[in-house]
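Some notes on the structure that comes next.
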Amino acid sequence: MFFKDVVGQKELIAHLLTEAKSGKVAHGQLFMGNEGYGTLALALAFSRYLLCERPTVQDGCGQCSSCLQVSELQHPDLHMVFPVIQAMSKTSDNLFPKWREMVLESPYFSLFDWTKFMDDKERTPIIGSEESKEIVRKISLKSFQGGYKVMIIFAADQLNAHASNKILKILEEPPLQTVFILLSSNPQAILTTIRSRTQSVQVTRLQAVEISRYLQKECKMEANIADGVASFADGDLCAALAVMKDGESTAVYRELFIKLMRSSYKKDVIQMMNWADEVSALTKERQKVFILYALHMLRQSLMLNYLGSDHVRLTAQEFDFTEKFSPYITGNNIRLFIEELDAAYYHIERNANTKILFTQMSFQSMRFIHRA
Ligand SMILES: [Zn+2]
Numbered sequence: 001m002f003f004k005d006v007v008g009q010k011e012l013i014a015h016l017l018t019e020a021k022s023g024k025v026a027h028g029q030l031f032m033g034n035e036g037y038g039t040l041a042l043a044l045a046f047s048r049y050l051l052c053e054r055p056t057v058q059d060g061c062g063q064c065s066s067c068l069q070v071s072e073l074q075h076p077d078l079h080m081v082f083p084v085i086q087a088m089s090k091t092s093d094n095l096f097p098k099w100r101e102m103v104l105e106s107p108y109f110s111l112f113d114w115t116k117f118m119d120d121k122e123r124t125p126i127i128g129s130e131e132s133k134e135i136v137r138k139i140s141l142k143s144f145q146g147g148y149k150v151m152i153i154f155a156a157d158q159l160n161a162h163a164s165n166k167i168l169k170i171l172e173e174p175p176l177q178t179v180f181i182l183l184s185s186n187p188q189a190i191l192t193t194i195r196s197r198t199q200s201v202q203v204t205r206l207q208a209v210e211i212s213r214y215l216q217k218e219c220k221m222e223a224n225i226a227d228g229v230a231s232f233a234d235g236d237l238c239a240a241l242a243v244m245k246d247g248e249s250t251a252v253y254r255e256l257f258i259k260l261m262r263s264s265y266k267k268d269v270i271q272m273m274n275w276a277d278e279v280s281a282l283t284k285e286r287q288k289v290f291i292l293y294a295l296h297m298l299r300q301s302l303m304l305n306y307l308g309s310d311h312v313r314l315t316a317q318e319f320d321f322t323e324k325f326s327p328y329i330t331g332n333n334i335r336l337f338i339e340e341l342d343a344a345y346y347h348i349e350r351n352a353n354t355k356i357l358f359t360q361m362s363f364q365s366m367r368f369i370h371r372a
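Start counting the sequence shown at 1; every next residue gets the next number (this note's numbering).
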């Protein structure tokens with residue numbers, strides 16, 4: 001990964017370059033933002049820059065032995081730690097070949113993507129105390145190439161309390177030229193004592209146009225479909241890729257959306273309750289993608305209603321439904337729907353009881369739809 005390969009984030013890249021060139025690199029950094037905003041891509045490009053023997057003004061050279069090793073994720077001074085399923089392994093090292101395969105394919109993946117890749121059963125991975133011993137051991141080693149030592153911790157919010165406490169001291173007083181880069185989509189879940197020892201770096205949402213361009217170039221997606229997917233990904237490239245890779249799920253989201261709208265239109269409370277059961281059985285990540293999908297469909301309905309079919313970005317099956325449904329989404333209820341879904345997204349991220357949340361959502365939807 002080079003800076004030039006990072007999607008968007010130009011300002012942040014400029015900031016990281018300035019920091020690297022100044023020679024005063026903060027020894028503990030916390031990249032805050034969803035994986036799909038590019039936290040790992042940025043961390044890798046930044047690591048390359050720090051380790052490169054002949055960096056240019058804007059990127060790693062790509063030719064020195066450090067760069068070649070970083071390209072293969074085999075640089076002795078670049079360490080990576082990531083959550084693992086404790087029943088499979090206590091530390092990252094045993095799963096590194098799998099991790100490497102995933103990262104080399106593309107550093108744009110979510111913790112959930114990594115979990116699925118590692119384990120069919122999708123058990124919850126953590127960073128445990130065995131790992132924290134390894135972190136301390138590795139970072140205490142002398143730098144192989146005499147320069148920086150970099151430790152990237154992916155999904156640092158999965159550090160359990162025990163592991164967090166073990167790395168506090170080394171974070172506070174790290175050996176010379178050591179850089180910790182912690183990545184987190186949920187920094188509130190990181191121990192305050194860890195956060196206070198790191199410099200916060202806010203990684204922001206991508207623009208829809210940046211996501212669309214990536215989908216067209218890397219996934220050979222047609223422009224109008226790429227625009228459609230990008231418009232409901234909410235600045236998160238991983239969300240866009242999840243929808244794209246998972247054709248089946250898109251059908252699931254579409255059916256769920258149609259079911260919600262039909263049952264709330266008919267005021268069919270039994271069906272609404274069944275719907276809430278069905279959605280709350282999905283994983284949290286899929287629930288979030290469903291919300292983004294529903295937002296997209298509601299906006300498209302409004303567009304179809306007011307501006308006509310030239311202005312919408314829908315697949316044929318989506319259009320079939322939306323054509324009949326769109327008169328029920330108007331200026332009288334679109335804001336209510338958006339606020340409801342935004343709030344739901346927020347609460348899902350904070351582990352709300354989703355059965356209650358989706359039941360309430362279906363009742364709200366029933367009220368809103370009859371306000372059109
Ligand atoms: Zn280089």
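Just so you know, even glycine gets a beta-carbon here, dropped at the ideal spot from N, CA and C.
Who are the Cβ neighbours of T354 in its own chain at under 8 Å, not counting the five residues just before and after it? To locate residue 354, count along the sequence shown from 1; it is residue 354. Answer for T354: V279, S280, K284, Q287, I348, listed in chain order.
Taking the beta carbon of T359 as the centre, do at least 16 other beta carbons fall within 10 Å, making it buried, or is it exposed? The residue you call residue 359 lines up with position 359 of the sequence shown. Buried, because 16 or more other Cβ atoms sit within 10 Å of the Cβ of T359.
So the beta strand (DSSP E) I127 belongs to, where does it begin and stop? Taking the sequence shown and counting its residues from 1, the one referred to as residue 127 is at position 127. No beta strand (DSSP E) holds I127; DSSP gives it neither H nor E.
Just the C-alpha distance for E130 and M88, rounded to the nearest angstrom, thanks. Indexing the sequence shown from 1 puts residue 130 at position 130. Indexing the sequence shown from 1 puts residue 88 at position 88. One C-alpha to the other measures close to 13 Å.
Quick check: the Cα distance between D59 and M1, rounded to an integer number of angstroms? In the sequence shown, counting from the first residue as 1, residue 59 sits at position 59. In the sequence shown, counting from the first residue as 1, residue 1 sits at position 1. Each residue's CA atom was taken as its position, placing D59 and M1 some 10 Å apart.
Starting from F46, follow the alpha helix (DSSP H) in both directions and report where the run begins and ends. For the purposes of this step, residue 46 is identified with residue 46 of the sequence shown, where counting begins at 1. 39 to 51 is the extent of the alpha helix (DSSP H) around F46.
Using only alpha-carbon positions, find the residue among I181, S132, N165 that is nearest to I152. The count along the sequence shown starts at 1 and reaches residue 152 at position 152. Among I181, S132, N165, the Cα nearest to that of I152 is on I181.
Using 8 Å for Cβ pairs, my map puts M32 next to S184. What's the rounded Cβ distance? On the sequence shown, position 32 is the one that residue 32 refers to. On the sequence shown, position 184 is the one that residue 184 refers to. That belief holds up - the Cβ atoms of M32 and S184 are roughly 6 Å apart, short of 8 Å.
In whole angstroms, what is the alpha-carbon distance linking D277 and F112? Stepping through the sequence shown from its first residue, residue 277 is reached at position 277. Stepping through the sequence shown from its first residue, residue 112 is reached at position 112. For D277 and F112, the distance between alpha carbons rounds to 22 Å.
Apply the 10 Å Cβ neighbour rule to E339 and answer buried if 16 or more other Cβ atoms are within range, or exposed otherwise. As a working note, residue 339 is residue 339 in the sequence shown. Classification for E339: exposed.
Any chance the CB of G62 is under 8 Å from a heavy atom of ligand 1? By one-based count along the sequence shown, residue 62 stands at place 62. Checking every heavy atom of ligand 1 against the Cβ of G62, one is found closer than 8 Å.
Beta bridge counterpart(s) of Q29 as assigned by DSSP: Position 29 of the sequence shown holds residue 29. Per DSSP, I181, Q199.
Which residue spans inside the stretch 65 to 147 form an unbroken beta strand (DSSP E) run of at least 3? 78 to 81
The stretch 256 to 274 in contact with the stretch 227 to 245 per 3-pair CB rule at 8 Å: Flag = no, the stretch 256 to 274 and the stretch 227 to 245 do not touch.
V150 - DSSP class collapsed to helix/strand/coil: By 1-based counting over the sequence shown, the position of residue 150 is 150. If DSSP states are grouped into helix, strand and coil, V150 belongs with the strands.
So what does L159 bridge to, in DSSP terms? Numbered from its first residue, the sequence shown carries residue 159 at position 159. Bridge partners of L159: I127.
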